[in-house]
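Protein chains in written order, with my numbering: chain V, 31 to 280; chain F, 30 to 310.
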């Protein structure tokens, strides 16, 4: 299995405030990585750097064997943002139209037929179990359903890597479990590598294959079960401050 | 008006211009409304007025005939569009501040040039409130060219414009060149405003871009439907407004906007009654 992402010695600052310091890690093909850390730990910054939304200041990032500065994302990396929950709810678009937005990079001078595009859209909606809501206005769906539509939008272009930034914010607890199951299916059945950003370690350790703890620097990168067997004290040492795992019993 | 249209070319040109702006103003307006940029049309229309006033002034003082006030209006609108987009990227946290800056500068320059061109006259009045008899054949060609350009760009970049309007971050990640498309979009807005001013006038042009959309959003079930209904509402307002403006001998801008507002009110009421009937029944 090859490497999709290689981050080496990345540091980043906003004005004088250092948010990332000498961060290095890699993401293998087929991995389901949980990126966790408290608020303000630099999670969103590292994601923005990977997505090319923020300019790299120090260090290097390689995506699909190309320096990130030269990497033109033509659907290899896709994204579900935290903000998906705070979009303009009055926007007059159906679920189908929203999913279709994920196909923009497929559309150019040689665009596939409308029929083929529709097929891809319905396939993605089917994968997230939202077929029956294809013609429903996005604002009329529940938070969990909207998030499924946003996942469909992110996978419609068949990306190799899907990055999700706190995707369960605004999704009720009952649906959160289904949501993680959907992510596991995407990972195992479709072979999409995932980076799941969360501030809540407890709920994701059972689903991910790799755990990456970030708080300005990488404090832990490895197997989630090894991390779970640590005592709170060991974890606090890793993290540099008090941290407790909240166990979620379902 | 139809008889008159057949015999007077200027009137015919006005009618064709009306049909074109009734199409392109709500078409682009749909994207403007969903991007919450409705006030940009107001900012740009006042900059266009400054351009028109500048053109009138140059005509008067230097008998500059190659560029008509309509042309200078277009140039000013495009310039204003680029200024607005730059201000929006400089003041990222207060993007709406670009609008009062350009609007007041536009009004300021208009006042100066109008005064220099010897004050308010019938020409300026026609530009402020629209006119049924103001479109020459060359103006019609410019408006036709603008319309073809705008329609072509929107068809070709529909997915990109739609994705950017809904979620700019996702669109950027998908590889859409957001900055380039933003500039193209605002320049198109400037062109549509300059074209529409012949019919509805500076003060009412933003209404033609937003009122039909506000009506359509309440009844449409998808984005494409919103565009289609906006255009239908826009055309109905423009055609009936022009005809009634002609017979009542008043500037068509006023009648067009009143009809567009009437359609909005009627749609809102009809929807309200429909729902109360549906839930009772």
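Idealized CB from N, CA, C, for every residue including glycine.
These numbers were taken from a predicted model, which means no experiment stands behind them.
A direct Cα-to-Cα measurement between residue 203 of chain V and residue 184 of chain F gives close to 42 Å.
Scanning the region 91-161 of chain F from its first residue to its last, the whole alpha helix (DSSP H) runs of 4-plus residues come out as 98-119, 127-145 and 151-158. Look at residue 135 of chain F: its C-beta is not under 7 Å from any C-beta on chain V. Using a Cβ-Cβ distance cut-off of 8 Å, the region 58-72 of chain F and the region 248-262 of chain F are in contact, since at least three pairs of beta carbons, one from each stretch, lie closer than that value. Counting every other CB atom within 10 Å of its CB across the protein chains shown gives residue 183 of chain V a total of 16 or more, marking it as buried.
Here residue 185 of chain F carries a helix assignment [DSSP, helix/strand/coil]. DSSP, read as helix, strand or coil, puts residue 75 of chain F in helix. Partner residues in a beta bridge of residue 260 of chain F, as assigned by DSSP, do not exist. Beta-bridge pairing by DSSP links residue 97 of chain V to V:92. The bridge partners DSSP lists for residue 33 of chain V are V:58. If you draw a straight line from the Cα of residue 262 of chain V to the Cα of residue 56 of chain F, it comes to about 59 Å.
Interface criterion not met: the Cβ of residue 155 of chain V is under 7 Å from no Cβ in chain F. In this structure, DSSP gives residue 194 of chain F a helical state, which the three-state scheme calls helix. Closer than 8 Å at the C-beta level to chain F, one finds no residue of the region 195-228 of chain V. Excluding sequence positions up to five before and after residue 165 of chain V, its CB lies within less than 8 Å of the CB of 124, 125 and 126, all in the same chain and listed in chain order.
Here residue 240 of chain V is near residue 61 of chain V, since their CB atoms are less than 7 Å apart. Between the region 213-227 of chain F and the region 83-100 of chain V there are fewer than three inter-stretch CB-CB distances shorter than 8 Å, so the stretches are not counted as touching.
Judged by their CB atoms, residue 231 of chain V and residue 66 of chain V are nearer to each other than the 7 Å cut-off. In the assembly as shown, residue 126 of chain F is an exposed residue. Its beta-carbon has fewer than 16 other beta-carbons within 10 Å. With respect to residue 207 of chain F, residue 193 of chain F sits close: the two C-beta atoms are nearer than 7 Å.
With a threshold of 16 other beta carbon atoms within 10 Å, residue 87 of chain V falls short and is exposed. Counting along the chain, residue 227 of chain V sits inside the beta strand (DSSP E) bounded by residues 223-228. The continuous beta strand (DSSP E) containing residue 191 of chain V extends over residues 191-195.
For residue 90 of chain V, no Cβ of chain F is located within less than 7 Å of the residue's own Cβ.
Rounded to whole angstroms, the gap between the alpha carbons of residue 156 of chain V and residue 162 of chain V is 9 Å.
Taking CB atoms only, residue 111 of chain V has a neighbour in chain F less than 7 Å away. Our two residues, residue 50 of chain V and residue 265 of chain F, have alpha carbons roughly 58 Å apart in a direct line. Straight-line measurement puts the Cα of residue 190 of chain V at about 51 Å from the Cα of residue 101 of chain F. For residue 216 of chain F, the enclosing alpha helix (DSSP H) has its first and last residue at 207-229. DSSP places residue 250 of chain V in the uninterrupted beta strand (DSSP E) bounded by 247-252. Under the DSSP assignment, residue 108 of chain V falls in the beta strand (DSSP E) whose first and last residues are 107-110. For the pair residue 53 of chain F and residue 77 of chain V, the Cα-to-Cα distance works out to about 39 Å.
Counting every other CB atom within 10 Å of its CB across the protein chains shown gives residue 151 of chain V a total of 16 or more, marking it as buried.
Each residue's CA atom was taken as its position, placing residue 81 of chain V and residue 66 of chain F some 27 Å apart.
For residue 51 of chain F, the enclosing alpha helix (DSSP H) covers residues 38-63.
When 7 Å is used as the limit between beta carbons, residue 102 of chain V is near these residues of chain F: 204, in chain order.
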